[in-house]
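These notes are about the structure you will find just below.
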Amino acid sequence: MIRLQNVSKRYPDSGEAISQINLQIDYGELLFLTGPSGSGKSTLLKIIALITAPTRGLLYFDERNVTHLGRNSIAQYRSRMGLVFQDHRLLNDRTVYENVALPLRINGFRRQEIPGRVRAALDKVSLLHKEKSLPMALSGGEQQRVGIARAIVHKPILLLADEPTGNLDPQLSGEIMNLFMQFNQVGVATLIASHDINLIQSYHKRTLQLTAGRLRDAAVDGQVTAVSS
Amino acid sequence: MKFASPRKIVISHWLYHHRDSLNKTITRLSHRPIAFLSTVMLIAVAFAIPLALFTLAHAIEDITTGWDNDKQITLFLHQDINLDSANQLAADLQQQFAIEAANAMDKDQVLADFSQQTQYTLMAKTWQDQNPLPHIIKIQPAEQANLEHLAGLFATHPDVAQVQFDWLWFQRLDAIAQMMTRIQWIISALLIITVILIIVNVVRWEIADRMQEIEIIKLIGASDAFVQRPFLYFGAMLGLSGACIALLMAQASAVLLNQAVLQLADLFAGDFALASFTSTSILGLIAGGALIGLFAAAIAAQQKIHTII
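If you read the protein sequences in the order shown, they are chains A and B.
Here the working numbering is used: position 169 in the first sequence is 159, and no number is missing along the way.
Here the working numbering is used: position 299 in the second sequence is 304, and no number is missing along the way.
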């Protein structure tokens, strides 16, 4: 589904963030991306989401080169994905319901369909009772669950999560990870970037290791194997 | 490369999204009524000035157009010239000079016309027993005639006591009216540019104020068109509201000034007043205001939103 070919990204003021990355993500796959802070995890996710363009290399979606799409095509490309951020990125002046409904409005869902889909997504993250609350009235874990509900409400084919448990305690982190596992089981390909190697290893999934911008190793079921040049 | 949208967007959805954007824009504006109204008043004043100038220039144009058909020279004859001699002189002048018509007028008729002008009615009544006015000859010059030259020639005739010739004054007023029309267009253009700049800036501030929200919406797949839509409605509503209030201001000004204008018109024997706006012009002005607002908002949105993620 997603293929990166020799992708590098250089920022003018901080040098090369990632270098010569080759990576394939298949439909329905779940993989972790780990590495220390500043290793390039967020940059890699941003390139996949076309938030930033690679300096070199190519990005393919279903074998179509999407590296330099036009602005409208980028919006359509992103609308096939769900993005989860460490800082939740919720609209604080809108209710939980309105936040979760936003991708449906953007994607042109029928007005009549929206309430049912929003409530189903909120039910999956156990926040149906908070639909009328404002994000600021929720705990960090609840806000992250709202962010996840917003990411999955329009049934994306790829879920990208950047440090989704970064601000949460171990118990809440486990609950959030379990949610990702549930969505992956119904076929949503998922890429989770996290520096918490202990949490990742407990799930026995394919793991990519980024170190100083290079994708050096991978672990499948906890076993480290080489995957890229 | 184009990606198929995950959902087919039909017209009803499109209308729903527009209605939704409009509702959200109105809701946001209702949360900041003073900021919105002060901007609208600024726009309204900028719209009202050209409207008032247009109304005034239109009225003056009506006057000078009317005078165009009235340009004539009046010869006041000496008191000892009788009506038969006046008629003979009129016929002689018509043969000798470039004039379309020359008609002698009995002094009693002159007094009757004079008394019909309201400000002279009382004076004319006191003259009824002993009319001090002479017979006159009214001359309608030919189309291309040099009026000043003709007036000079008539003044030298021994039977003529006085030549009344106001056309030069009319020409000056006409020139002033034409200049006013040009000034009105220039001021209108400058003020419309001002309105555009005001709306561009207000929309830019609004976008800057909602930058974080725009970033989030774009990250979850919103197109530039989707993001721009509320700002376009915002600009259109500023322009539309400004135009509506400007119309009220211009109409109120016309009502306040009309009495003074009527008095002025009476002095010049004219019959005009500041015109009210027709329903077509009202609709045109309101639509024009909304379009100007939309245009300005589109400029601001294009500049700002395209640079975000």
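Every residue gets a Cβ at the ideal spot worked out from N, C-alpha and C, and that includes glycine.
Keep in mind the model is a prediction, meaning the values are calculated, not measured.
1) Where does E6/A sit, in a helix, a strand or coil, going by DSSP?
2) If we ignore side chains and look at the alpha-carbon of each, how far apart do M6/B and I(-8)/A end up?
3) Under a three-way DSSP split, which group does G47/A fall into?
4) Using a Cβ-Cβ cut-off of less than 7 Å, give me the residues of the segment 224 to 241 of chain B that come near chain A, in sequence order.
5) Taking Cβ to Cβ, would you say G247/B is nearer than 8 Å to F41/B?
6) Assign V74/A to one of three DSSP states: helix, strand, or coil.
7) What's the gap between the Cα of V207/B and the Cα of A202/A?
8) Quick one, are the C-beta atoms of L98/B and A91/B less than 8 Å apart?
9) Scan the segment 84 to 111 of chain A for residues whose Cβ lies nearer than 8 Å to a Cβ of chain B and list them as they occur along the chain.
10) Relative to the C-alpha of E53/A, which residue among I138/A, Y193/A, P146/A and Q14/A is closest?
11) When the Cα of A39/A is compared with those of F51/A, R46/A, G28/A and T45/A, which residue comes out closest?
12) Can you confirm whether R(-7)/A, when its beta carbon is compared against all beta carbons of chain B, has any partner nearer than 8 Å?
13) Measure the C-alpha to C-alpha separation of A103/B and A241/B and round it to an integer number of angstroms.
14) Using a Cβ-Cβ distance cut-off of 8 Å, determine whether L128/A contacts chain B.
15) Determine, using beta carbons only, whether L150/A and M71/A come nearer to each other than 8 Å.
16) Taking Cβ-Cβ distances below 8 Å as the criterion, which residues of the segment 147 to 160 of chain A are in contact with chain B?
17) Which stretch, first to last residue, makes up the beta strand (DSSP E) that contains F99/A?
18) Under a three-way DSSP split, which group does P146/B fall into?
19) By the 7 Å beta-carbon criterion, what residues does the segment 47 to 65 of chain A contribute toward chain B?
20) Using a cut-off of 9 Å between C-beta atoms, extract the partners of R79/A located in chain B.
21) Put A106/B into one of helix, strand or coil per three-state DSSP.
22) M171/A and L189/A - do their beta-carbons sit closer together than 8 Å?
23) Report the three-state DSSP secondary structure of L81/A (helix, strand or coil).
24) Does A227/B come out as helix, strand or coil in the three-state DSSP assignment?
25) Would you check if there are 3 or more beta carbon pairs closer than 8 Å linking the segment 254 to 271 of chain B to the segment 200 to 217 of chain B?
26) Which partner residues of S(-2)/A appear in the DSSP bridge assignment?
27) Is the shortest distance between the beta-carbon of P2/A and the beta-carbons of chain B less than 8 Å?
28) What span of residues does the alpha helix (DSSP H) with R107/A cover, start to end?
29) Looking only at its chain, what residues have a beta carbon closer than 7 Å to the beta carbon of N151/B, apart from the 5 residues adjacent to it on each side?
On the basis of the supplied data:
1) In the first sequence, the residue the question calls residue 6/A occupies position 16. E6/A: strand per DSSP, three-state reduction.
2) Along the second sequence, one-based indexing puts residue 6/B at 1. Along the first sequence, one-based indexing puts residue -8/A at 2. Because the pLDDT at M6/B is just 48, under 50, the model does not fix this residue reliably, and the value given afterwards should be weighed accordingly. The alpha-carbon atoms of M6/B and I(-8)/A are separated by roughly 16 Å.
3) As a position in the first sequence, residue 47/A is number 57, starting the count at 1. It is a strand residue.
4) L224, I225, G226, A227, S228, D229 and F231
5) Numbered from 1 along the second sequence, position 242 holds the residue referred to as residue 247/B. Numbered from 1 along the second sequence, position 36 holds the residue referred to as residue 41/B. In this structure, F41/B does not lie closer than 8 Å to G247/B by Cβ.
6) Here residue 74/A refers to the residue found at position 84 of the first sequence. DSSP places V74/A in strand when its eight states are reduced to three.
7) Here the question's residue 207/B lines up with position 202 in the second sequence. Here the question's residue 202/A lines up with position 212 in the first sequence. The straight-line gap from Cα to Cα measures roughly 45 Å.
8) Working through the second sequence from its first residue, we reach residue 98/B at position 93. Working through the second sequence from its first residue, we reach residue 91/B at position 86. No; because the gap between Cβ atoms is not below 8 Å, this pair is not in contact.
9) L92, P93, R95, I96, N97, G98, F99, R100 and R101
10) Numbered from 1 along the first sequence, position 63 holds the residue referred to as residue 53/A. The shortest Cα separation from E53/A among I138/A, Y193/A, P146/A and Q14/A belongs to Q14/A.
11) Translated into the one-based positions of the first sequence, residue 39/A becomes position 49. Answer by Cα proximity: F51/A.
12) Locating residue -7/A in the first sequence gives position 3, counting from the first residue. Answer no: the Cβ-Cβ gap between R(-7)/A and chain B never drops below 8 Å.
13) Here the question's residue 103/B lines up with position 98 in the second sequence. Here the question's residue 241/B lines up with position 236 in the second sequence. Roughly 59 Å separates the two Cα atoms.
14) Taking the first sequence and counting its residues from 1, one reaches residue 128/A at position 138. Interface flag for L128/A against chain B is unset, since no Cβ pair is found closer than 8 Å.
15) Sequence index remark: in the first sequence, residue 150/A carries index 160 (1-based). Sequence index remark: in the first sequence, residue 71/A carries index 81 (1-based). Contact flag set, yes.
16) Residues passing the 8 Å Cβ filter: none.
17) Position 109 of the first sequence, counted from the start, is the residue given in the question as residue 99/A. Element bounds for F99/A: n/a, residue is neither H nor E.
18) Counting from 1 along the second sequence, the entry for residue 146/B is found at position 141. If DSSP states are grouped into helix, strand and coil, P146/B belongs with the strands.
19) Flagged, chain order: R54, V56, L59, R61, N62, S63 and A65.
20) Numbered from 1 along the first sequence, position 89 holds the residue referred to as residue 79/A. Those within 9 Å of R79/A in chain B are Q217, E220, I221, L224 and I225.
21) Taking the first residue of the second sequence as position 1, residue 106/B is located at position 101. Residue state, collapsed to three classes: strand.
22) Indexing the first sequence from 1 puts residue 189/A at position 199. Indexing the first sequence from 1 puts residue 171/A at position 181. Result no, Cβ atoms of L189/A and M171/A do not sit closer than 8 Å.
23) Here residue 81/A refers to the residue found at position 91 when the first sequence is read from its first residue. If DSSP states are grouped into helix, strand and coil, L81/A belongs with coil.
24) Reading the second sequence from its first residue, position 222 is the one you call residue 227/B. Residue state, collapsed to three classes: coil.
25) no
26) Residue -2/A sits at position 8 when you count from the first residue of the first sequence. When beta bridges are read from the DSSP output, S(-2)/A appears opposite R46/A.
27) In the first sequence, counting from the first residue as 1, residue 2/A sits at position 12. Cβ-Cβ to chain B under 8 Å: no for P2/A.
28) Start at 1 with the first residue of the first sequence, and residue 107/A comes out as number 117. Per DSSP, R107/A belongs to the alpha helix (DSSP H) from I104 to K114.
29) Walking along the second sequence from the start, residue 151/B turns up at place 146. Exclusion of the five residues before and after N151/B leaves no residue of its chain whose Cβ lies closer than 7 Å to its Cβ.
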